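Mapping to the working numbering: the sequence shown position 74 is 149, numbers consecutive.
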Amino acid sequence: MDVTVGAIAAGAARARKALLDLEQTLNAADAKLGDGDTGSMLVRLSEAMAGSGVERAASPSEAFGTLARAAMAATGSSLGTLVATALMTLAKRTRGRDGMDWTELSGHLAAARDACLARGGAALGDKTVLDALDALATALDGVSDAPSAHGKAAAAGEAVLAEFRDRPCRMGRAKFFAERSVGLDDPGMLALVRVSSALSMLDQTEEQRT
């Protein structure tokens with residue numbers, strides 16, 4: 076089993092670092108369609124999760140639950156709510172387990188996607204973060220190790236951004252400016268793709284140092 080409490084805690088810390096670097100990029104993307112605060116909100120959320128004491132969790136389920144509660148406490152935004160919903164779904168699906176194999180990740184992400192679709196009321200194709208999550212879940216099907224997961228996730232992320240860039244947004248505030256959203260990246264989708272890629276690069280850097 077490769078995905079343990081330690082790996083989850085390390086991932087939360089790495090996500091915080093990645094989002095600190097991405098804050099202004101994500102704010103700029105959101106400013107074209109919304110309030111311009113997606114990056115700052117996600118930094119606040121990631122700092123709460125990284126400082127939640129997740130490393131002291133007794134199991135992966137408890138770790139995911141700890142992160143979900145920290146996310147809910149940090150923000151009431153729609154994107155933050157989806158992050159918490161996804162994490163709580165992972166907590167439920169890993170209950171009673173000491174770890175998680177990489178081969179299970181695709182199924183867990185698909186379940187998180189479905190829970191978020193039900194919670195947020197969006198549909199696949201609406202040009203939201205959930206289209207990116209769906210792309211990751213699909214790309215990771217059959218993956219059995221971290222290097223393969225990182226490579227496939229990075230490729231799928233760039234592909235889904237390209238696929239949806241010239242489509243209109245159909246959810247959130249951006250749907251009221253649908254024509255303006257054509258040619259732009261959805262901020263939530265961009266955030267998930269960029270964080271996934273950043274986590275992969277951080278992992279590769281750490282591997283080179285060992």
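Ideal Cβ positions, reconstructed from N, Cα and C, are used throughout, including at glycine.
These numbers were taken from a predicted model, which means no experiment stands behind them.
With a threshold of 7 Å on Cβ separation, who are the neighbours of residue i within its own chain once the five nearest residues in sequence on each side are excluded?
i	result
Asp95	Position check: residue 95 holds Leu in this sequence, whereas Asp was assumed. Answer for Leu95: Val118, listed in chain order.
Asp260	Ala104, Leu236, Arg240
Give me the Cα-Cα distance between residue i and residue j, rounded to the nearest whole angstrom.
i	j	result
Ala159	Leu142	8 Å
Ser181	Leu120	24 Å
Gly140	Leu162	7 Å
Gly200	Ala207	10 Å
Ser152	Ala106	16 Å
Thr164	Arg248	26 Å
Arg255	Leu154	21 Å
Arg245	Glu179	31 Å
Thr213	Arg194	21 Å
Ala145	Ala87	11 Å
Ala166	Thr100	30 Å
Ala186	Leu211	12 Å
Arg91	Met147	16 Å
Gly114	Phe251	21 Å
Going by C-alpha distance, which of the options is nearest residue i?
i	options	result
Ser134	Leu199, Gln99, Gly171	Gly171
Gly217	Cys244, Leu184, Ala90	Leu184
Glu238	Asp209, Arg248, Phe251	Asp209
Ala84	Ala106, Leu259, Glu122, Ala214	Glu122
Arg89	Gly114, Met116, Ala125	Ala125
Leu273	Glu233, Cys191, Asp189, Thr213	Note that residue 273 is Ala in the sequence shown, not Leu. Closest by alpha carbon: Glu233.
Arg131	Asn102, Leu154, Val80	Val80
Leu157	Arg188, Val129, Glu179	Arg188
Thr169	Met246, Ser127, Glu137, Cys244	Glu137
Within 10 angstroms of its Cβ, does residue i collect 16 or more other Cβ (buried), or is it exposed?
i	result
Ser271	buried
Gly196	exposed
Ser219	exposed
Ala198	exposed
Asp257	Note that residue 257 corresponds to Val in the displayed sequence, not to Asp. By the neighbour-count rule (16 or more Cβ atoms within 10 Å), Val257 is not buried but exposed.
Ser223	exposed
Arg284	Here the model assigns Arg284 a pLDDT of 40, short of 50, so the residue's position is not dependable, and the following value carries that caveat. Label assigned to Arg284: exposed.
Ala230	exposed
Gly128	exposed
Taking 7 Å as the cut-off, is the C-beta of residue i nearer than that to any heavy atom in the ligand FMN?
i	result
Ser134	Absence of the ligand FMN from the depicted structure is noted, as is the absence of any ligand whatsoever, leaving it without description.
Please list, in chain order, all residues of the same chain as residue i whose beta carbon is under 6 Å from its beta carbon, the five residues on each side excluded.
i	result
Gly269	It is Arg, not Gly, that sits at residue 269 in the sequence shown. Excluding residues within five positions, the ones whose Cβ falls inside 6 Å are Leu97.
Val204	Gly263, Met264, Leu267
Met290	In the structure as shown, the chain begins at 76 and stops at 285. Residue 290 is therefore absent and cannot be evaluated.
Ala93	Val270, Ala273
Ala190	Thr160, Thr164
Among the residues of its own chain, which have a CB less than 8 Å from the CB of residue i, if the five just before and after it don't count?
i	result
Glu282	Only weak support is given to the placement of Glu282: the predicted model assigns it a pLDDT of 41, under 50, and the value that follows is read from those uncertain coordinates. None.
Asp77	Gly174, Met175, Asp176, Trp177, Asp220, Ala221
Leu192	Ala198, Leu199, Leu205
Lys227	Ala214, Leu215, Val218
Ala253	Pro243, Cys244, Arg245
Asp112	Asn102, Asp105
Taking only beta-carbon positions, decide if residue i is within less than 8 Å of chain D.
i	result
Asp260	In the displayed structure, chain D is absent; only one protein chain is listed.
- [ ] Scan the segment 97-143 and note each continuous alpha helix (DSSP H) run of 4 residues or more that stays entirely inside, going in chain order.
- [x] 113-125
- [ ] Enumerate, from N- to C-terminal direction, the unbroken alpha helix (DSSP H) stretches of 4 or more residues contained entirely within the segment 214-265.
- [x] Counting only runs of 4 or more, we get 221-240, 253-256.
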